[in-house]
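Under our numbering, the first residue of the sequence shown is numbered 25, with each subsequent residue one higher. Okay, structure first, notes after.
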Amino acid sequence: PAWQGATEGARGAFVAAFERYLVSSYARALLFVRDETLTVLGPPSVLDATHAILPMRVVMNDGDRVETEVHFRLERGAWRIWDIRASGISFVRQYRGDFGTEARVRGLAACTESLLQIAERNESELRKRLQKDGSIRRAR
25 PAWQGATEGA RGAFVAAFER YLVSSYARAL LFVRDETLTV LGPPSVLDAT HAILPMRVVM
85 NDGDRVETEV HFRLERGAWR IWDIRASGIS FVRQYRGDFG TEARVRGLAA CTESLLQIAE
145 RNESELRKRL QKDGSIRRAR
């Protein structure tokens, strides 16, 4: 109901916030990657002209192995990551369920605002970490 009753502007704002949330969340997760090993298990499987899957294995620093698939879509002439599935669990499906519930309960505008707040916190943490590590120098 939240999506169907929303204006095009509200839908566009949600999609943009969701994309910003995903990018900042994935980037933040990379801050914690230290001793993990990532192995590409073969060439991408091309499902059709606009979809491909890259199989990978992540070996965590404690030795646990996580079978992972990176799903790509061809959009506006560029291949973009559409989803990441770890041990069969889709990140996008999980996030869609979480935020779909919030949109139904609190409304699409409130859900959009939540996504933006989380993305801003993630981005702030990224900036602080990169500045601390010396990867970003402040302009003088």
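All residues carry an ideal CB built from backbone N, CA and C; glycine is no exception. These numbers were taken from a predicted model, which means no experiment stands behind them.
Among the options, the one whose alpha carbon lies nearest that of residue i
i, options, result
"Tyr45", "Glu137, Gln155, Arg151, Asp157", "Glu137"
"Ser48", "Lys156, Arg145, Gln155", "Arg145"
"Ser1", "Arg89, Asn85, Phe123", "With the chain covering 25 to 164 only, the question about residue 1 has no answer from this structure."
"Gln141", "Phe115, Val116, Ala41", "Ala41"
"Glu99", "Ala73, Gln118, Gly121", "Ala73"
"Val39", "Arg109, Ile108, Tyr119, Glu91", "Tyr119"
Close beta carbons around residue i, own chain, < 6 Å, minus the five adjacent residues each side
i, result
"Val70", "Ala76"
"Leu55", "Arg153"
"Thr61", "Val83"
For residue i, the first and last residue of its enclosing beta strand (DSSP E)
i, result
"Val70", "69-72"
"Arg81", "75-83"
Chain-order list of residues whose beta-carbon lies under 7 Å from that of residue i (same chain, five-residue window excluded)
i, result
"Pro79", "Leu65, Gly66, Glu93"
"Ala26", "Ala127, Arg128, Gly131, Leu132"
"Ser148", "none"
Own chain residues within Cβ distance below 8 Å of residue i, not counting five before or after
i, result
"Ala34", "Leu132, Ala133, Thr136"
"Phe96", "Pro68, His75, Ala76, Ile77, Leu78, Trp103, Arg104, Ile105, Trp106"
"Asn22", "Outside the shown range of the chain (25 to 164) lies residue 22, about which nothing can therefore be said."
Identity of the residues DSSP links to residue i by a beta bridge
i, result
"Ile57", "The sequence given here places Val at residue 57; Ile does not occur at that position. Note: Val57 sits in no beta bridge, so no partner."
"Thr63", "Arg81"
May I have a chain-ordered list of the alpha helix (DSSP H) segments no shorter than 4 residues that lie completely inside the region 88-134? You should have 115-130.
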